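Worksheet: one structure, shown below.
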Amino acid sequence: MAKLKIVEYGDPVLRKVTSRVIKFDKSLRKLVEDMFETMYASEGIGFAAPQIGVSKRVLVLDVEYPSKRYIDQQTKKEVSSYNPLVLINPVIIQKEGELISKEGCLSFPNVYFDVIRHKKIMVRYQDLLGKERRLLAENDLLCRCIQHEIDHLDGKLFVDKPSDVAEMKKAIAEAGFGNVVSPPPAVLIG
Ligand code: NI
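Take the sequence shown: its position 12, counted from the start at 1, is 12 in our numbering, and no numbers get skipped.
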């Protein structure tokens, strides 16, 4: 495994729509391992492949490990309990409600502001073996985190969905990111 450099805002790869994973092979497992190592080392709870420059529909999550700690009886040291989750080719197939809460992103260090998300989602995805699975997430950190990471796979970033544009711009400016440009809204035809 290797901890890789995290791509920050400004790199065009973060705005690209990623490609579907077709092959569930050794190189996919290596990519997932690298993503977990990079995410855990950076104390993130979710991470998408474009954030290490790989434009594929792969994301990893572990929303519990920073808060779930216990004392190891042998070493007497405090350790985290891990609950890793891998979503390949994820698609939100049901969504409802609205939820506003603070978010951050490893590609925008030190930037936090309120973001609008759905309250409840059903996601269809494939696991590391290519098996199709479904996951229901409601009203919690996992629900928000999955939506944030799936956006990464579509070239969308949390700066595109602030609940208060002025708050977002202030947070961005204070972190030294300068101007943030959201892509123009898609034009509906027909
Ligand atoms: Ni992010």
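All C-beta atoms in this analysis are idealised placements derived from N, C-alpha and C, irrespective of residue type, glycine included. Small disclaimer: the values here were computed from a predicted structure and weren't measured.
### Query
Since I172 is in the alpha helix (DSSP H), which residue starts that stretch and which ends it?
If you number the sequence shown from 1, residue 172 lands on position 172. Unbroken alpha helix (DSSP H) run through I172: 165-174.
### Query
So, V13 versus L141, is the Cβ gap smaller than 8 Å?
Walking along the sequence shown from the start, residue 13 turns up at place 13. Walking along the sequence shown from the start, residue 141 turns up at place 141. At the C-beta level, V13 and L141 stay beyond 8 Å of one another.
### Task
Could you give the DSSP three-state label for K56: helix, strand or coil?
What you label residue 56 is simply residue 56 of the sequence shown in a count that begins at 1. Strand, per DSSP.
### Message
Let's see if you can read the secondary structure: which residues bound the beta strand (DSSP E) around L136?
### Response
Locating residue 136 in the sequence shown gives position 136, counting from the first residue. Taken as a continuous stretch (DSSP letters only), the beta strand (DSSP E) holding L136 covers 132-138.
### Task
Decide if G176 is buried, meaning its Cβ has at least 16 other Cβ atoms within 10 Å, or exposed.
To locate residue 176, count along the sequence shown from 1; it is residue 176. By the 10 Å Cβ count, G176 comes out exposed.
### Query
What did DSSP end up calling Y82 once you bin it into helix, strand or coil?
As a first step, residue 82 is located in the sequence shown; it is residue number 82 there, counting from the start. Three-state result, Y82: coil.
### 8 Å Cβ cutoff, Y65 in contact with chain D
Given the protein chain composition of this structure (a single chain), no chain D is represented.
### Query
Under 7 Å from any heavy atom of the ligand NI, does the C-beta of S107 make it?
Within the sequence shown, the letter at position 107 stands for residue 107. Checking the Cβ of S107 against the ligand NI gives yes.
### Task
Give me the Cα-Cα distance between G97 and L87, rounded to the nearest whole angstrom.
Walking along the sequence shown from the start, residue 97 turns up at place 97. Walking along the sequence shown from the start, residue 87 turns up at place 87. Taking the straight line joining both Cα atoms gives about 23 Å.
### Task
With a threshold of 7 Å, establish whether the CB of H152 neighbours any heavy atom of the ligand NI.
Start at 1 with the first residue of the sequence shown, and residue 152 comes out as number 152. Yes, the ligand NI has a heavy atom inside 7 Å of this Cβ.
#### Entry: Chain-order list of residues whose beta-carbon lies under 8 Å from that of K131 (same chain, five-residue window excluded)
To locate residue 131, count along the sequence shown from 1; it is residue 131. Nothing meets the Cβ criterion.
#### Entry: L59 vs L153 beta-carbon contact at 8 Å
To locate residue 59, count along the sequence shown from 1; it is residue 59. To locate residue 153, count along the sequence shown from 1; it is residue 153. Yes, the Cβ-Cβ distance between L59 and L153 is below 8 Å.
### Task
Return helix, strand or coil for I41, following the three-state DSSP convention.
For the purposes of this step, residue 41 is identified with residue 41 of the sequence shown, where counting begins at 1. Going by the sequence as given, residue 41 is Ala instead of Ile. It is helical.
### Message
Suppose you measure from the CA of I71 to the CA of S80; what does that come to, to the nearest Å?
### Response
Within the sequence shown, the letter at position 71 stands for residue 71. Within the sequence shown, the letter at position 80 stands for residue 80. If you take the alpha carbons of I71 and S80, they lie about 9 Å apart.
### Query
How many whole angstroms separate the CB atoms of V115 and F47, which I take to be in contact at a CB cut-off of 8 Å?
Reading the sequence shown from its first residue, position 115 is the one you call residue 115. Reading the sequence shown from its first residue, position 47 is the one you call residue 47. With a Cβ gap of about 17 Å, V115 and F47 do not count as contacting.
#### Entry: Rounded separation between E33 and S27 - CA only
Taking the first residue of the sequence shown as position 1, residue 33 is located at position 33. Taking the first residue of the sequence shown as position 1, residue 27 is located at position 27. Straight-line spacing of the CA atoms in E33 and S27 works out to 10 Å.
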